[in-house]
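The next block holds one structure in the form of structure tokens; read it before the comments.
Here is the structure:
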């Protein structure tokens, strides 16, 4: 692990680090906020949205005051492998910065775009050996990262105790962002897509149950109707009997100004479940 | 006034705006956070540091939760005039992004670099006519903007009810940043510099008194000894009988991670004085 920078914040320590990932075969960057005190601390992993790095949540979410108070750590990884030898696309919604938290099976992406394995194996192992973190973890995220949080928690329930999301891509198989990414990363056969769609996982009974899932969605979010479609998650949860607390917020958009307004609620939601 | 963007945040409204300034002769940008409720609201003006725009505090300080709760608005202007016809320097600490909150008297700066007049006249007039703000104002800022907040409040006590700062340049006539900027903007005659130095203003009895001045300083701030020198402000305040609450914080650096850790204290400090 290579420590790139450290800052004191809200009495805790924020570290920007880089490590070599076996899953992606690249150097991967992340930040870790460790609250004040002795630890080991339960922690949240934040998964960011399209175009983001490990720095967006870290500088803009204003979450560390609530995390310090709750005594939980927060890990924020980058959203994809990066670098010169890594495939990319000129569009913002494919390639570097747009890993979609799946393990790609198609060329040219399959050689490095293994974000599901990266998050659930390499990242978890790295932060738990490098920082005073206990193996008590929860997931949350935004937009593409909301999709990532929901699907990874539903597929790896032994790893994560709770899950929440801001403005998630609720059903990537039924929106342009998801269709484009899954077609590229997973191939044209849509059967392979269904295992990476939160609404479909719940509907098919393939999602691990949680006592509750917290989702916040702004009603002035310009991606709401075409890309995010929280109603599909809501319908699936209702059918399957999965409790979902979906809060719709008048006037809020897709930005970090929305996230910072409600992030303390998410920290408290997870802290209560992490013990 | 030209509205560039608006976001709901913490129940209030954040607006990015641009207006034509008579003082600088340029378009100037700023952000305004207006808390929820009817108003008119008392407000704080945040003055940013070197290289900053109207966006640094706005996205990174995490101050709007505290401001919403206290019912105060926050205005964050850009740190200098900008644009093609505006003089600049290749260095980060002179020219665009480095206005130092003074009215320049020397070529080539004097034509646009009039930040003292801009803040105290044009900005105040624009935000009070364009937003539901009452003429009850306070100043705070960081580094170069901490210097700006202290000196402008001390020189314009009829405009500002209270003042606080993070990591201010406490005595710009006695550090490299200040010497370089004042030499360029105000000329080689150091007599002209003294009216823009918080410590010297207090020492000379030329600073308006305040019931208290709140200053936070990180002890791991890499600019502490060479540029910021809070001890000069402390000594001046002690000599002059000006109450100063100077808090030194172990481990904190010069970044917004320091600011976000204590900004709620500053909002409360001013809210108590704005009534």
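Chains as they are written, first to last, in the working numbering: chain W, 1 to 275; chain P, 1 to 275. Beta carbons: idealized from backbone N, C-alpha and C, even for Gly.
Note the first and the last residue of the continuous beta strand (DSSP E) segment covering residue 12 of chain P.
12-20
Which residue from W:219, W:81, W:51, W:122 puts its Cα closest to that of residue 91 of chain W?
W:51
Cβ pair count under 8 Å reaching 3, the segment 98-109 of chain W against the segment 6-14 of chain W:
no
Taking 8 Å as the cut-off, does the segment 181-188 of chain P touch the segment 212-225 of chain P (at least 3 CB pairs, one atom from each stretch)?
no
What is the rounded straight-line gap between the Cα of residue 192 of chain P and the Cα of residue 199 of chain P?
15 Å
Residues that residue 60 of chain P contacts on chain W, provided the C-beta gap is smaller than 8 Å:
59, 60
Whose C-beta lies closer than 7 Å to the C-beta of residue 250 of chain W among residues of the same chain, with five residues either side of it excluded?
219
As assigned by DSSP and simplified to three states, the class of residue 144 of chain P
helix
Under a three-way DSSP split, which group does residue 223 of chain P fall into?
coil
Ends of the alpha helix (DSSP H) at residue 260 of chain W?
256-274
In angstroms with no decimal places, state the Cα-to-Cα distance between residue 275 of chain W and residue 21 of chain P.
55 Å
For residue 189 of chain P, which three-state DSSP category applies?
coil
Could you tell me if residue 73 of chain P is buried or exposed, where buried requires 16 or more neighbouring beta carbons within 10 angstroms of its beta carbon?
buried
Residue 242 of chain W beta carbon less than 8 Å from that of residue 209 of chain W
yes
If you measure between the beta carbons of residue 270 of chain P and residue 44 of chain P, is that distance less than 8 Å?
yes
Helix, strand or coil, according to DSSP, for residue 178 of chain P in the structure here?
helix
Contiguous beta strand (DSSP E) assignments of at least 3 residues, all confined to the segment 193-247 of chain P
Runs of the beta strand (DSSP E) inside the segment 193-247 of chain P: 213-218.
Integer-rounded CB distance, given that residue 132 of chain W should sit under 8 Å from residue 34 of chain W
6 Å
My parser needs the alpha helix (DSSP H) runs of 4 or more residues fully inside the segment 65-138 of chain P; what are they?
124-130
Residues bridged to residue 169 of chain P [DSSP beta-bridge criterion]
In DSSP, residue 169 of chain P forms no bridge with anything.
Determine the DSSP secondary structure at residue 154 of chain P, reduced to helix, strand or coil.
helix
Could you spell out where the alpha helix (DSSP H) holding residue 160 of chain W opens and where it closes?
For residue 160 of chain W, there is no enclosing alpha helix (DSSP H), as DSSP gives it neither H nor E.
Span separating the alpha-carbon of residue 231 of chain P from that of residue 97 of chain P:
26 Å
Anticipated Cβ contact below 8 Å, residue 24 of chain W with residue 81 of chain W, distance rounded:
For residue 24 of chain W against residue 81 of chain W, the beta-carbon gap comes to about 4 Å, under 8 Å, which counts as contact.
Three CB pairs or more closer than 8 Å across the segment 53-71 of chain P and the segment 151-165 of chain P:
no
Please go through the same chain and pick out, in chain order, the residues whose beta-carbon is closer than 7 Å to the beta-carbon of residue 211 of chain W, but skip the five residues on each side of it.
243
Taking 8 Å as the CB-CB cut-off, is residue 166 of chain W touching chain P?
Not one chain P Cβ lies under 8 Å of residue 166 of chain W.
Contacting positions in the segment 13-46 of chain P - beta carbon closer than 9 Å to chain W:
13, 14
Could you please give me the residues that DSSP links to residue 57 of chain P through a beta bridge?
Answer is none; residue 57 of chain P lacks a bridge partner.
Is the beta carbon of residue 79 of chain P less than 8 Å from the beta carbon of residue 99 of chain P?
yes
Skipping 5 residues on each side, what residues in its chain have a beta carbon closer than 8 Å to that of residue 204 of chain P?
194
Can you name the residues that DSSP bridges to residue 23 of chain P?
Bridge partners of residue 23 of chain P: none, in fact.
I'd like to know whether the C-beta atoms of residue 112 of chain P and residue 26 of chain P end up nearer to each other than 8 Å.
yes
Where does residue 42 of chain P fall in DSSP's three states?
Here residue 42 of chain P sits in strand by DSSP.
Minimum Cβ-Cβ distance from residue 257 of chain P to chain W less than 8 Å
Interface residue, yes.
Of the residues that make up the segment 147-158 of chain P, which ones have a beta carbon closer than 8 Å to any beta carbon in chain W?
none
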